[in-house]
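Here's the structure we're looking at; comments come further down.
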Amino acid sequence: MRESSAMVQLVAGPAIWAAQFLIVYTTESLLCSRGGGADAHHVLVLVTTGIAAALLVVRLILRYRAQLSSGTTSDFFRDVGTGLDLAALLAVVWTGSPALLLASCTSPV
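Going by our numbering, the sequence shown opens with residue 1, and the numbers climb by one from there.
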């Protein structure tokens with residue numbers, strides 16, 4: 001694997017989480033201040049979280065299949081990429097979970 005391709009693979013998982021995080025929190029401000037409302041924000045958060053989680057799960061499955069087909073048990077970039085994708089998946093779920101538990105578009109107390 002070329003070094004540039006390996007580096008892109010390493011940062012792809014955290015980049016997916018960063019994009020989801022940015023979308024979730026910027027749209028809350030925009031939708032709440034410009035009239036989209038809490039329902040629109042909840043739908044957007046759930047859709048964004050679902051897409052980000054699905055992308056990360058697909059990346060993990062593809063990496064696992066590549067490991068099985070290569071026959072090697074240890075590859076530094078693959079192992080680090082797997083760890084970063086798992087951490088990003090946890091972060092995506094953590095970022096999206098408040099949409100299920102908390103009300104959005106409410107004024108602070």
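We put the beta carbon where it would ideally sit given N, CA and C, even for glycine. Note that the coordinates shown come from a computational prediction; the quantities given were computed from them, not determined experimentally.
Quick check: Leu31 and Ala40, are their CB atoms within less than 8 angstroms of each other?
Here residue 31 corresponds to residue number 31 of the sequence shown, with the count starting at 1. Here residue 40 corresponds to residue number 40 of the sequence shown, with the count starting at 1. It is a contact, given that the beta carbons lie within the stated cut-off.
Can you tell me where the alpha helix (DSSP H) with Asp79 in it begins and where it stops?
Translated into positions along the sequence shown, residue 79 becomes position 79. First-last of the alpha helix (DSSP H) with Asp79: Phe76 to Gly96.
Can you list, in chain order, the residues of its chain whose CB lies under 7 angstroms from that of Ala99, leaving out five sequence neighbours each side?
By 1-based counting over the sequence shown, the position of residue 99 is 99. So the list reads His42, Val45 and Leu46, once near-sequence residues are dropped.
When we look at the beta-carbon of Arg78 and count the other beta-carbons within 10 Å, is it buried (16 or more) or exposed?
On the sequence shown, residue 78 is found 78 positions in, with the first residue counted as 1. Buried, by the Cβ-count rule.
According to DSSP, simplified to helix, strand and coil, what is Gly36?
Taking the sequence shown and counting its residues from 1, the one referred to as residue 36 is at position 36. Annotated three-state conformation of Gly36 is coil, per DSSP.
Assuming Val93 contacts Ala53 under a Cβ cut-off of 8 angstroms, what Cβ separation, rounded to an integer in Å, is found between them?
Position 93 of the sequence shown, counting from 1, holds the residue named residue 93. Position 53 of the sequence shown, counting from 1, holds the residue named residue 53. Indeed they touch by this definition, with Cβ atoms about 7 angstroms apart.
Which value, in whole angstroms, describes the spacing of the CA atoms of Ser5 and Gly81?
Along the sequence shown, read from residue 1 onward, the residue named residue 5 stands at position 5. Along the sequence shown, read from residue 1 onward, the residue named residue 81 stands at position 81. Looking at the two C-alpha atoms, the distance is approximately 12 angstroms.
Please look up how many angstroms separate the CB atoms of Leu56 and Asp75, rounded, as I've assumed it's under 8 angstroms.
Translated into positions along the sequence shown, residue 56 becomes position 56. Translated into positions along the sequence shown, residue 75 becomes position 75. Going by Cβ atoms, the distance from Leu56 to Asp75 rounds to 19 angstroms, so no, they are not a contact pair.
Give the straight-line distance between the Cα atoms of Ala38 and Ala12, rounded to the nearest whole angstrom.
On the sequence shown, position 38 is the one that residue 38 refers to. On the sequence shown, position 12 is the one that residue 12 refers to. Cα-Cα distance, rounded: 30 angstroms.
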